[in-house]
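Numbering of the sequence shown is given in our numbering, commencing with residue 858 and proceeding in unit increments. Glycine residues also receive a C-beta, built at the ideal position from the N, C-alpha and C atoms.
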Amino acid sequence: MKVLVTGGAGFIGSAVVRHLVGGLGVAVVNLDKLTYAGNLDSLEPVAEKPLYRFERVDVCDGRELRRVFDEHRPDMVMHLAAESHVDRSIDGPGAFIRTNVTGTYMLFEACLDYWRRLEGEAWERFRILHVSTDEVYGSLGPVGRFDEDNPYRPNSPYAASKAAADHLVRAWHNTYGLPVIVSNCSNNYGPYQFPEKLIPLMIISGLEGKPLPVYGSGDNIRDWLYVEDHAEALWRVLNQGRIGETYLIGGRAERTNIEVVKTISALLDELLPDSPHVPHDSLISFVEDRPGHDKRYAVDDGKVRKELGWRPHEDFEANLRKTVGWYLENRAWWERVRSGGYRGERLGLGGGGLQKSADDPSCSGLQIDGDSCGNVMSRPHSGIHMRGSKLR
């Protein structure tokens, strides 16, 4: 068994690669462009294993994608390559459209071409898991949870780009028969997360005695999912999920943002009693809210639990304690990450979207009818072979 994982140097992708190679003994080809959030240090536990291979390739480069497929001959694909930070999407949406929309198109064109050239058991076995977010559904009210039948109502440029990618994926299944499964997850946390995200940012800022910025009044609610539990769920969905189906994956751990920050502060007080910054909750600072900040996310993951028998191993508090402990013990990792330029500054204040122009690097390669995105022309899509139900 060999799996191609796109975005395998990112936060969730690296957890998937570590789970497959280190935990299950599955051969993995990690395809990653290594943008600012991609970090090969996150793969150190498996980097020297013979089952692991790395390809530095942009998902928008069609020629390189075809080379990777032809050279490595994967049995399955897990598509996690994406720009994922909402605040960055507000400041510069062009990169999100390029990677999340155009990149998904280019990857699925390469998958379709490769799949059509397979024969027999290899053709039957091949499948793709497209990994997405619950943010495509928009904002929830005070009650209820998203399920697989919720309509899409994305509010941020990031969510809109992922929604567009989801629709492309479904179209490639329903139109061309490509064997696809989609998953949408809630907010992830855990080891190796880039420090622009809420939980690692609060941990590292608290360690350094810096302000702990909380958007608005801090009452926005997120459903938190431990990344290692998510990696296990994704593997089950890929192998046991039904082609043409969508699976929501959540942690059933709804917390307001201020609750999360206060819990982190209390853990820092407990684990670092001699810190000059005790009590760490004195560092909390309420700042201007994010534009278009969704009020609440929560997912109904009953389908993945019932059909595939998956559930998180531990609760939020236990996993958050492990996460804080990991950042305390792995200072060298996050200091190397920050040496790349990000220093915990505020992102997502808006205004960036209108400043992008055609010559901005993040907007390059969007002329799909030509050869500017990966230098590959679209080929006729004749000879449709359907597997699975219509994707829903």
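- By the C-beta criterion, the stretch 1076 to 1088 is judged not to be in contact with the stretch 968 to 983, since fewer than 3 inter-stretch pairs fall below 8 Å.
- Between Val874 and Leu900 the beta-carbon gap is near 6 Å, inside 8 Å, which marks them as a contact.
- In the three-state reduction of the DSSP assignment, Lys1067 falls in the coil class.
- Taking 8 Å as the upper bound for CB-CB distance, Val860 and Met935 are in contact here, some 6 Å apart.
- The stretch 1162 to 1176 makes contact with the stretch 1089 to 1102, as at least three CB pairs between them are under 8 Å.
- Ser1132 sits in coil when the DSSP states are folded into three classes, being neither helix nor strand.
- In the three-state scheme derived from DSSP, where H, G and I count as helix and E and B as strand, Tyr1033 is classed as helix.
- The beta carbon of Gly995 is closer than 8 Å to those of Tyr1009, Arg1010, Pro1011, Asn1012, Ala1016, Asp1151 in its chain, skipping five residues each way along the sequence.
- Taken through DSSP and simplified to helix, strand or coil, Cys1042 comes out as strand.
- For a cut-off of 8 Å, the C-beta gap from Gly1107 to Cys1042 is around 7 Å, short enough to register as a contact.
- About 18 Å separates the CB atoms of Phe1051 and Pro1014; that is not less than 8 Å, and the two are not in contact.
- DSSP lists Ala884 as the bridge partner or partners of Lys859.
- Distance from the CA of Ser1132 to the CA of Leu897, rounded to the nearest whole angstrom, comes to 31 Å.
- For Ile1060, the CB contacts under 7 Å within the same chain, skipping 5 residues up- and downstream, are Ile1121, Val1181, Tyr1184 in chain order.
- Per DSSP, Glu1192 is one residue of the alpha helix (DSSP H) stretching across 1188 to 1195.
- Counting only residues of its own chain and dropping the five nearest sequence neighbours on each side, Phe1003 has a CB closer than 8 Å to the CB of Asp991, Tyr994, Leu997, Asn1041, Leu1105, Tyr1154, Ala1155, Val1156, Asp1157.
- Distance check between Asn1044 and each of Val1194, Gly880, Val943 places Val943 closest, using alpha-carbon atoms only.
- For Gly867, the closest alpha carbon among the candidates Pro902, Ala938, His929 is that of Ala938.
- Inside the stretch 1083 to 1121, DSSP marks whole beta strand (DSSP E) runs of 3 or more residues at positions 1103 to 1106, 1111 to 1113, from first to last along the chain.
- C-alpha of Phe1173 to C-alpha of Gly1034: approximately 39 Å in a straight line.
- Shown here for Ser871: same chain residues with a beta carbon closer than 7 Å to its own, the five before and five after excluded, namely Gly865, Ser899, Leu900, Tyr1049 in chain order.
- For Val916 against Val886, the beta-carbon gap comes to about 13 Å, at or over 8 Å, which does not count as contact.
- Contact annotation, Tyr1072 with Asn1114: C-beta distance approximately 7 Å; criterion of less than 8 Å satisfied.
- The shortest C-alpha to C-alpha distance from Phe911 to any of Val862, Thr959, Gly1001, Asp918 is the one to Val862.
- Phe911 has Asn887 as its beta-bridge partners, per DSSP.
- Thr1032 and Gly1101 have their C-alpha atoms some 12 Å from each other.
- Shown here, Asp1004 sits in coil according to DSSP, grouped into three states, outside any helix or strand.
- Taking the Cα of Leu1055 as reference, the smallest distance to any Cα among Arg923, Ala1123, Val1118, Val1094 is reached at Val1118.
- A Cβ-Cβ contact shorter than 8 Å links Asn957 with Lys1019.
- Residues of the same chain with a CB within less than 7 Å of the CB of Lys1160, apart from the 5 flanking positions on each side, are Glu1005, Tyr1104, Leu1105 in chain order.
- Taking the C-beta atoms as reference points, Leu1125 is found nearer than 8 Å to Gly1063.
- If the five residues before and after Pro1136 are omitted, its C-beta is found closer than 6 Å to the C-beta atoms of Asp1126, all from its own chain and listed in chain order.
- Short of 6 Å from the beta carbon of Leu1165, and not among the five residues preceding or following it, lie these beta carbons of its own chain, in chain order: Arg1093, Gln1097.
- Note: Val873 is not bridge-paired with any residue in the DSSP secondary-structure output.
- The C-beta of Leu881 has fewer than 16 other C-beta atoms within 10 Å across all chains shown, which makes the residue exposed.
- DSSP places Trp1081 within a strand segment (E or B) once states are collapsed to three.
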